[in-house]
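*Asks:* Residue numbers (the numbering used here): 118 to 543. Even for Gly, the Cβ is constructed at its ideal location relative to N, Cα and C. Take this structure first; my questions come after.
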Ligand code: SF4
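Structure below.
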């Protein structure tokens with residue numbers, strides 16, 4: 118699967134207990150209709166498991182150490198002053214971090230030798246450790262599993278394309294949104310990541326790309342997508358802080374173009390509206406996957422709070438406020454959401470709100486015999502795409518990069534966790 122907030126989570130294979138149910142026909146539509154409830158959620162340990170939506174953030178298990186990337190420049194200066202260090206060094210530290218991608222005191226020869234370790238210790242603590250790195254696509258994709266200060270695991274995926282290098286970051290450990298096709302969702306939410314923990318994934322990727330760690334030689338990290346583990350809107354404050362660090366020019370941040378930054382959501386409508394007012398013209402991606410509430414209620418549990426119509430209204434208003442065309446993510450799932458009538462309904466819902474404001478990305482799943490979470494027949498996928506295009510909707514079938522490295526988001530972390538649990542019970 119690609120590392121998207123949605124299809125990446127539709128796992129490449131079904132590993133949970135099965136509760137086979139005969140597919141049924143919707144009386145008025147004529148084609149087979151498979152439902153999300155025909156199988157327990159991905160990663161479920163019991164055949165009776167049901168997705169459990171939760172907005173609760175568990176009590177902190179010890180805060181991540183404060184990091185330069187948690188703070189704006191004024192905050193960094195204040196932190197150094199409070200530690201009895203010269204505040205003006207914040208600017209130099211920030212340039213090393215955001216422009217040279219280093220937190221190593223030995224690299225900072227423009228700082229007084231006697232203060233280097235102390236300055237770095239104050240604002241550049243070690244936040245993430247590599248547990249595993251898996252390469253795929255001939256070395257143009259690298260998926261990292263990271264351990265955080267409290268042992269929590271998260272993932273990021275770095276991908277090199279012809280015209281860009283993209284990092285998919287995690288914003289939470291686990292996720293409370295409980296999408297039934299997503300292994301991460303069944304883990305529940307462990308905790309929000311700090312801005313520093315999000316930004317550290319990016320700094321590592323920028324350094325690795327620049328050093329030629331991806332096949333094809335040195336590359337500049339150009340794009341960041343919040344499509345890894347977690348629902349970014351639930352960790353709103355830290356995600357917005359991380360967005361500033363990504364977009365703000367050095368020494369405040371990395372200075373990436375906002376055009377290359379995407380925040381993906383399953384549809385927390387009030388926070389989409391809030392993000393529209395932040396003055397950060399990043400792209401919004403909406404993991405829609407169904408244009409009708411009947412199906413989306415079961416496929417994306419948060420739809421029980423904010424319906425398709427409210428979500429598309431908020432997405433359209435986001436476009437109006439930012440001028441950024443919204444991406445509509447649509448994982449094509451065989452006989453579940455890939456019906457031509459759904460493509461027509463989706464086109465109608467988008468066109469009803471205006472033209473040219475949204476771009477649909479149908480995402481092919483991996484073929485997974487025996488699972489309801491499997492790819493559409495090629496002809497069905499083509500008809501779905503053609504139906505959208507004929508209705509004037511810009512539609513691009515998404516590249517599913519990383520599919521040969523346990524690419525489903527959350528899968529690597531889940532499997533590492535399971536291995537550790539198995540090791541502890543041996
Ligand atoms: S919102 Fe959470 S549960 Fe749903 S697909 Fe994204 S990570 Fe998985």
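Going by alpha carbons, who is nearest to residue 483 out of 474, 155, 451 and 327?
*Replies:* The residue given as residue 483 occupies position 366 in the chain shown. Comparing Cα-Cα distances from residue 483 to each of 474, 155, 451 and 327, the minimum goes to 451.
*Asks:* Can you name the residues that DSSP bridges to residue 296?
*Replies:* Taking the chain shown and counting its residues from 1, one reaches residue 296 at position 179. Paired residues: none, contrary to the question.
*Asks:* Quick check on DSSP: helix, strand or coil for residue 466?
*Replies:* Here residue 466 refers to the residue found at position 349 when the chain shown is read from its first residue. If DSSP states are grouped into helix, strand and coil, residue 466 belongs with the helices.
*Asks:* Measuring only the C-alpha atoms, how far is residue 401 from residue 160?
*Replies:* Within the chain shown, the letter at position 284 stands for residue 401. Within the chain shown, the letter at position 43 stands for residue 160. When rounded, the distance between both Cα atoms is 28 angstroms.
*Asks:* Rounded to a whole number of angstroms, what is the C-alpha to C-alpha distance between residue 524 and residue 217?
*Replies:* Numbered from its first residue, the chain shown carries residue 524 at position 407. Numbered from its first residue, the chain shown carries residue 217 at position 100. Annotation note: pLDDT 37 at residue 524 (below 50); position unreliable, coordinate value reported separately. So the alpha carbons of these two residues sit roughly 30 angstroms apart.
*Asks:* Grouping DSSP H, G and I as helix and E and B as strand, with all else coil, what is residue 151?
*Replies:* Position 34 of the chain shown holds residue 151. In the structure shown, residue 151 sits in coil (DSSP, three-state: anything other than H, G, I, E or B).
*Asks:* Starting from the C-beta of residue 194, find all residues in its chain whose C-beta is less than 6 angstroms away, skip the five residues before and the five after it, and write them out in chain order.
*Replies:* Locating residue 194 in the chain shown gives position 77, where the first residue counts as 1. Here the set comprises 204 and 207.
*Asks:* Is residue 295 close to ligand 1? I mean its beta-carbon at under 7 angstroms from any heavy atom of the ligand.
*Replies:* What you label residue 295 is simply residue 178 of the chain shown in a count that begins at 1. Result yes, Cβ under 7 angstroms from ligand 1.
*Asks:* Is residue 159 near ligand 1, judged by its Cβ being under 7 angstroms from some heavy atom?
*Replies:* Position 42 of the chain shown, counting from 1, holds the residue named residue 159. No, Cβ of residue 159 sits at least 7 angstroms from all heavy atoms of ligand 1.
*Asks:* Could you give the DSSP three-state label for residue 326: helix, strand or coil?
*Replies:* By 1-based counting over the chain shown, the position of residue 326 is 209. Helix, per DSSP.
*Asks:* By Cβ distance, which residues of its chain are closer than 6 angstroms to residue 322, with the 5 residues on each side in sequence left out?
*Replies:* Counting from 1 along the chain shown, the entry for residue 322 is found at position 205. If we look at residue 322 and ignore the five residues flanking it on each side, its Cβ neighbours are 275, 284 and 338.
*Asks:* Report the option in 362, 290 and 423 whose CA atom is closest to the CA atom of residue 408.
*Replies:* Taking the first residue of the chain shown as 1, we reach residue 408 at position 291. Residue 408 has its Cα closest to that of 423, out of 362, 290 and 423.
*Asks:* Would you mind giving the Cβ-Cβ distance between residue 212 and residue 367, rounded to the nearest angstrom? I have them listed as a contact below 8 angstroms.
*Replies:* Mapped onto the chain shown, residue 212 falls at position 95. Mapped onto the chain shown, residue 367 falls at position 250. Indeed they touch by this definition, with Cβ atoms about 6 angstroms apart.
*Asks:* For the alpha helix (DSSP H) containing residue 213, name the first residue and the last one.
*Replies:* What you label residue 213 is simply residue 96 of the chain shown in a count that begins at 1. Element bounds for residue 213: 206-217.
*Asks:* For residue 446, is the classification buried or exposed, using 16 other Cβ atoms within 10 angstroms of its Cβ as the cut-off for buried?
*Replies:* The residue given as residue 446 occupies position 329 in the chain shown. With 16 or more Cβ atoms within 10 Å of its Cβ, residue 446 is classed as buried.
*Asks:* Please go through the same chain and pick out, in chain order, the residues whose beta-carbon is closer than 8 angstroms to the beta-carbon of residue 491, but skip the five residues on each side of it.
*Replies:* Counting from one through the chain shown, the residue named residue 491 turns up at place 374. Counting only Cβ-Cβ distances below 8 angstroms, and skipping sequence neighbours, we find 450, 451, 482, 483, 484 and 485.
*Asks:* Assuming residue 336 contacts residue 186 (C-beta within less than 8 angstroms), just tell me the rounded distance between them.
*Replies:* In the chain shown, residue 336 corresponds to position 219, counting from 1. In the chain shown, residue 186 corresponds to position 69, counting from 1. Actually they are not in contact, since the Cβ atoms of residue 336 and residue 186 sit about 22 angstroms apart, beyond 8 angstroms.
*Asks:* Quick one: is residue 394 buried, meaning 16 or more other Cβ sit within 10 Å of its Cβ, or exposed?
*Replies:* Counting from 1 along the chain shown, the entry for residue 394 is found at position 277. Per the 10 Å Cβ criterion, exposed.
*Asks:* Would you kindly report the start and end of the unbroken alpha helix (DSSP H) that includes residue 235?
*Replies:* Counting from one through the chain shown, the residue named residue 235 turns up at place 118. Taken as a continuous stretch (DSSP letters only), the alpha helix (DSSP H) holding residue 235 covers 230-240.
*Asks:* If you compare alpha carbons, which of 245, 259 and 244 is closest to residue 251?
*Replies:* Taking the chain shown and counting its residues from 1, one reaches residue 251 at position 134. Out of 245, 259 and 244, 259 has the C-alpha closest to the C-alpha of residue 251.
*Asks:* Can you tell me whether residue 139 is buried or exposed? The criterion is at least 16 other CB atoms within 10 Å of its CB, across all chains shown.
*Replies:* Here residue 139 refers to the residue found at position 22 when the chain shown is read from its first residue. With a pLDDT of only 45 at residue 139, under 50, the local geometry of the prediction cannot be trusted, and the value read off the model is given with reservation. Exposed, since its Cβ has fewer than 16 Cβ neighbours within 10 Å.
*Asks:* Spatial neighbours of residue 200 within its chain, please: CB distance less than 7 angstroms, with the 5 preceding and 5 following residues excluded, ordered by chain position.
*Replies:* Reading the chain shown from its first residue, position 83 is the one you call residue 200. The answer, listed in chain order, is 239.
*Asks:* Looking at the strands, I want to know which residues DSSP matches up with residue 260.
*Replies:* Reading the chain shown from its first residue, position 143 is the one you call residue 260. Per DSSP, 251 and 274.
*Asks:* Less than 6 angstroms between C-beta atoms, sequence neighbours within five positions excluded: which residues of the same chain meet that for residue 397?
*Replies:* If you number the chain shown from 1, residue 397 lands on position 280. Around residue 397: 360.
*Asks:* Give the secondary structure of residue 495 by DSSP, where H, G and I count as helix, E and B as strand, and everything else as coil.
*Replies:* Working through the chain shown from its first residue, we reach residue 495 at position 378. Helix, per DSSP.
*Asks:* Closer than 6 angstroms by C-beta to residue 151: which residues in its own chain qualify, once you throw out the five before and the five after it? Chain order, please.
*Replies:* Mapped onto the chain shown, residue 151 falls at position 34. Cβ within range, chain order: 140, 452, 453 and 489.
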